[in-house]
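Asker:
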Amino acid sequence: MERRPLGRTGAEVGVVGLGTWQLGGDWGDVSEDDAAEVLEAALDAGVDLLDTADVYGDGRSEERIRRALVTRSDRPFVATKAGRRADPFEAGQYTRANLGAWIDRSRRNLGVDTLDLVQLHCPPPAVYSDQRVYDALDSFVEDGAIAAYGVSVETVAEGLTALEHPGVATIQVILNVFRRKPLEELLPAAARTGVGVLARVPLASGLLTGKYDESTTFPADDHRNFNRGGEAFDVGETFAGVPFEAGVAAAREVAAIAGNTPTGAFALRWVIDQPGVTAVIPGARNVEQVRGNVAAAALPPLTDSQLSDLERLYDERIRAHVHDRW
5 MERRPLGRTG AEVGVVGLGT WQLGGDWGDV SEDDAAEVLE AALDAGVDLL DTADVYGDGR
65 SEERIRRALV TRSDRPFVAT KAGRRADPFE AGQYTRANLG AWIDRSRRNL GVDTLDLVQL
125 HCPPPAVYSD QRVYDALDSF VEDGAIAAYG VSVETVAEGL TALEHPGVAT IQVILNVFRR
185 KPLEELLPAA ARTGVGVLAR VPLASGLLTG KYDESTTFPA DDHRNFNRGG EAFDVGETFA
245 GVPFEAGVAA AREVAAIAGN TPTGAFALRW VIDQPGVTAV IPGARNVEQV RGNVAAAALP
305 PLTDSQLSDL ERLYDERIRA HVHDRW
């Protein structure tokens, strides 16, 4: 698998990582055995980047990663996130004491002394411009609790604000065929400053696999059911903010453009090829999905015709739903 420098972390990672939100919760039930199989399959396939967070299953995702790595000599780069445990969820909660407590909890969950990367987990917007937060994170690097830090953002504006701070090593942002706005300013700015970009929700919560139709339903405990209107958190995290029926119809067109290439791998390849992207971090609930995601790394770049068709599709079907919102 192609490897790329992960911004200012000093690490190199493969272009296809594994997102592990689904191993903690909010995607229906994933058993302990299923989670272990997904992690083992990913690592065996050459995935060396895992993305998690302290709130995924209230730490369950981090703990499952720790257990999966106990018997392995090939340790991947593990990026976690902190800040969504703030209660109330307000900028004033992002104190050095709280950040330290959240970081220490993740260190225990993952069984490490030093976290590879901690990302501020889509905090209130004011946090991105609060120098005290960055000073605290710098102190945790100096203390050895974390090796590097970055930010996970909802909007392009938040990402551009974070880039003004020299300690930021990475930015995580929603980027996929249906969410193209980061290509305009954020990715070029990250590339100029040497900041890595992790592309999350690259399959738009599964829409871009082409496997859903208008009658598809999801379990009650799956965010694709309970967060379609943003009832629990930012609606952009669910189907990338695209209304489900509109997304299903547009995904059919993506499948037609992909031709004989599996739609999901085709969509991932599009993300991988965007200038400035370090890696995509799709989730997977089973071994088959892991292998399908990893296959994207071996695909050739999309043709000029395919790229033009995808841009036209975005402009005609999707742009009005998402472009000015995030």
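Per the working numbering, the very first residue in the sequence shown carries number 5; after that it's consecutive. All residues carry an ideal CB built from backbone N, CA and C; glycine is no exception.
Would you say the segment 113-123 touches the segment 146-154, given that touching needs at least three Cβ pairs under 8 Å?
Answerer: Because the criterion of three Cβ pairs below 8 Å is met, the segment 113-123 and the segment 146-154 touch.
Asker: Within the same chain, show all residues whose beta-carbon is closer than 6 Å to that of residue 305, passing over the 5 residues directly before and after it, in chain order.
Answerer: Same-chain partners within the cutoff: 277.
Asker: Taking the alpha carbon of residue 248 as the point to measure from, which residue in 210, 224, 285, 238 has its own alpha carbon closest?
Answerer: If we check each option's Cα against that of residue 248, 210 comes out closest.
Asker: Give the secondary structure of residue 182 by DSSP, where H, G and I count as helix, E and B as strand, and everything else as coil.
Answerer: Three-state DSSP puts residue 182 in coil, outside helix and strand.
Asker: Which residue wins for smallest C-alpha separation from residue 260, given the options 208, 35, 311?
Answerer: Cα-wise, what sits closest to residue 260 is 311.
Asker: Enumerate, from N- to C-terminal direction, the unbroken alpha helix (DSSP H) stretches of 4 or more residues contained entirely within the segment 140-191.
Answerer: DSSP runs (the alpha helix (DSSP H)) wholly in the segment 140-191: 160-166.
Asker: Looking at residue 72: is its Cβ nearer than 7 Å to the Cβ of residue 43?
Answerer: Closer than 7 Å, so yes.
Asker: Should the segment 210-222 be regarded as contacting the segment 260-269, the criterion being three or more beta carbon pairs within less than 8 Å?
Answerer: Yes, since at least three Cβ pairs between the segment 210-222 and the segment 260-269 fall closer than 8 Å, the two stretches touch.
Asker: CB residue 81 to CB residue 17, shorter than 7 Å?
Answerer: The answer is yes: Cβ separation under 7 Å.
Asker: Which same chain residues, not among the five before or five after residue 15, have their C-beta less than 6 Å away from its C-beta?
Answerer: Only 81 meet the Cβ criterion.
Asker: Judging by CA-CA distance, which residue of 300, 245, 279 is the nearest neighbour of residue 267?
Answerer: For residue 267, the nearest C-alpha among the options comes from 300.
Asker: Going straight from the alpha carbon of residue 97 to that of residue 107, what length do you get?
Answerer: Their backbone Cα atoms lie some 14 Å apart in a straight line.
Asker: From what residue to what residue does the beta strand (DSSP E) around residue 55 run?
Answerer: Run containing residue 55: 53-55, per the beta strand (DSSP E) assignment.
Asker: Report all residues from its chain with a CB closer than 7 Å to the CB of residue 34; omit the five preceding and five following residues, and keep chain order.
Answerer: These residues qualify, in order along the chain: 26, 27, 289.
Asker: Look at the alpha carbon of residue 70 and the alpha carbon of residue 77, and state the distance between them as a whole number of angstroms.
Answerer: So the two alpha carbons sit approximately 13 Å from each other.
Asker: Could you spell out where the alpha helix (DSSP H) holding residue 104 opens and where it closes?
Answerer: Here the alpha helix (DSSP H) through residue 104 covers 100-114.
Asker: Restricting to Cα atoms, I'd like to know which of 10, 315, 6 is closest to residue 181.
Answerer: Nearest C-alpha to residue 181: 315.
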